[in-house]
Amino acid sequence: MTTDAISTDAIIVGAGPVGLFAVFELGLNDMKCQLVDILDKPGGQCAELYPEKPIYDIPGLPIVTGAGLVDALMKQIEPFNPVFHLSQMAESLTKTDEGKWRLTTDAGTVLEAPVMVIAAGGGSFVPKKPPIKGIEQYEGKSVFYSVRRMETFRDRSILIAGGGDSALDWTLNLQPLAHRLTLVHRRDEFRAAPDSVKKMRELAEAGKIDLRIAQIVQLHGEGGQIEAVTLKPDEGEPYTVQCDTLLPFYGLTMKLGPVANFGINLHQNLIQVDTAKFESDIPTIFAIGDINTYPGKLKLILSGFHEAALMAQQAFRYVHPDRKLRFQYTTSSSDLQNKLGVQ
Ligand SMILES: Cc1cc2nc3c(=O)[nH]c(=O)nc-3n(C[C@H](O)[C@H](O)[C@H](O)COP(=O)(O)OP(=O)(O)OC[C@H]3O[C@@H](n4cnc5c(N)ncnc54)[C@H](O)[C@@H]3O)c2cc1C
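What follows is the structure in structure tokens.
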């Protein structure tokens, strides 16, 4: 193990519903997990794309919302103490001299484990970029698409762009820290939760933030440091607002991303697996959920749950080669009930 690497039994790329349930199945078989997700919260598509929509085809739950399912899964895996590395992209995968996998994230986290579980769904969520000429030269220096540490933005003159939940949440969270905060949105209608919109309007009325209804048309600055932006309202002349930080929140889109460079055999951007173990062409690398493909594959949450159960059987053989795997029911096995803390 490298000195600063975190050692575990299984590294899971993707904390969507299937990655979360994999923690449960691996946990029942005595394997500890660390999960990496580029989102700032667990739940994958359920949390990001349809938290309030009802799902009707989860076995045993006649109706549950996307967010409700994620909450239930988080509760179910609590006994296994999974460790989450959120807002981090799983970027590169190499092998150690001892034959373990070493995964490095874009935040510099290094994880090592004998087993890799790719539960990357439709790919990593990446921000939609605003169509503003020359924005790339400011990215990572004064233009950011996510907030990893709020302290980074203390005393800054921040301009937040967007009208959804992320734009409004960060307006409310960063306002107390910021030197000055401007929220710009192209329409005076917001898609965010009504309570956030109400709080934002109260701050605007109290003069604690500036609310501008306009579009960003130009950035001004030098050497990657933004100094001002030009805004254009629907009617009227363009004008300039001073700021040293721009946070555009224009939504997210899904791209396969770095998993494509892990050296795993892909078919149309999906990982081919066998249906007995859900293992890729590289032994000890498994793929479950929407990211995999095999004859008859259905991109449903319930398929991913089944795949996680079978994956965990084979993973056990790699992580505990000296032990015999016993098939047990949670209803009747005191061993499993001990692990779940229900005895
Ligand atoms: C609107 C909508 C409605 C749906 N309704 C239903 C339904 O009723 N029933 C049903 O069964 N299914 C439904 N689905 C499909 C269901 O949501 C997916 O099958 C399910 O989310 C797949 O789970 P997953 O864990 O495999 O992947 P995902 O939920 O896609 O999660 C994958 C996670 O991996 C992360 N990730 C990927 N690559 C990286 C990387 N390199 N580094 C860090 N993180 C990474 C992503 O950020 C993401 O959070 C619906 C989907 C949509 C969009």
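The sequence shown begins at 2 in this note's numbering and counts up by one. Note that the Cβ used here is the ideal one computed from N, Cα and C, for glycine as well.
Any non-hydrogen atom of ligand 1 closer than 7 Å to residue i Cβ
i: Ile12; result: no
i: Lys54; result: yes
i: Asp245; result: no
i: Pro239; result: no
i: Ile7; result: no
i: Met90; result: yes
i: Asp72; result: no
i: Val24; result: no
i: Asp38; result: yes
i: Cys47; result: yes
i: Gly305; result: yes
i: Phe1; result: Nothing about residue 1 can be reported from this structure: the residues present for the chain run from 2 to 344 only.
i: Ile78; result: no
i: Lys1; result: Residue 1 lies beyond the range of the chain shown here (2 to 344); nothing can be said about it.
i: Lys129; result: no
i: Lys33; result: no
i: Ile265; result: no
i: Pro18; result: yes
i: Gly15; result: yes
i: Gly109; result: no
i: Tyr51; result: yes
i: Asp336; result: no
i: Asp58; result: yes
i: Leu104; result: no
i: Lys96; result: no
When the options are compared against residue i, the one with the closest alpha-carbon
i: Gly135; options: Ile13, Gly225, Ala313; result: Gly225
i: Gly61; options: Lys340, Leu303, Val127; result: Leu303
i: Glu280; options: Gln269, Tyr295, Val84; result: Tyr295
i: Gln315; options: Ser158, Leu326, Asp291; result: Leu326
i: Gly67; options: Ile56, Lys256, Leu74; result: Ile56
i: Lys233; options: Ile214, Glu49, His307; result: Ile214
i: Phe250; options: Met201, Pro131, Arg149; result: Pro131
i: Arg188; options: Leu178, Ala162, Tyr330, Met75; result: Ala162
i: Val153; options: Leu178, Leu271, Asn270; result: Contrary to the premise, residue 153 reads as Thr rather than Val in this sequence. Looking at the Cα atoms, Leu178 is the closest of the given residues.
i: Gln138; options: Asn82, Leu247, Thr97, Trp171; result: Leu247
i: Lys42; options: Leu94, Asp58, His86; result: His86
i: Ala185; options: Lys200, Asp196, Gly165; result: The amino acid occupying residue 185 in the given sequence is Val; Ala does not appear at that position. When each option's Cα is compared against that of Val185, the closest is Gly165.
i: Gln35; options: Val218, Gln89, Lys340; result: Gln89
i: Gln77; options: His321, Thr95, Leu27; result: Leu27
DSSP-derived helix/strand/coil call for residue i
i: Gly123; result: coil
i: Pro284; result: coil
i: Asn293; result: strand
i: Thr106; result: strand
i: His307; result: helix
i: Thr332; result: coil
i: Ile227; result: strand
i: Gly222; result: strand
i: Pro177; result: coil
i: Val320; result: helix
i: Lys199; result: helix
i: Thr246; result: strand
i: Pro60; result: coil
i: Phe22; result: helix
i: Glu236; result: coil
i: Leu27; result: helix
i: Val274; result: coil
i: Thr9; result: coil
Own chain residues within Cβ distance below 7 Å of residue i, not counting five before or after
i: Lys209; result: Gln176
i: Leu253; result: Glu49, Phe126, Val127, Pro128, Lys129
i: Ala205; result: Leu212
Proximal residues to residue i (C-beta, below 8 Å), its chain only, five neighbours per side dropped
i: Asp5; result: Val111
i: Val353; result: With the chain covering only 2 through 344, there is no way to say anything about residue 353.
i: Asp282; result: Ile265, Asn266, Gln273
i: Val19; result: Gly45, Ala120, Gly122, Ile289, Gly290, Asp291, Ile302, Gly305, Phe306, Glu308, Ala309
i: Trp171; result: Val148, Ile161, Leu248, Phe250
i: Gln1; result: Past the boundaries of the shown model lies residue 1; the chain is included only from 2 to 344, so the question cannot be answered.
Residues near residue i by beta carbon distance below 6 Å, same chain, minus five either side
i: Phe317; result: Asn30, Leu326
i: Tyr319; result: Pro115, Val116, Thr285
i: Phe145; result: Leu248
Residue i beta carbon near ligand 2 (any heavy atom closer than 7 Å)
i: Val116; result: Ligand 2 is not part of the structure shown, which contains ligand 1 as its ligands.
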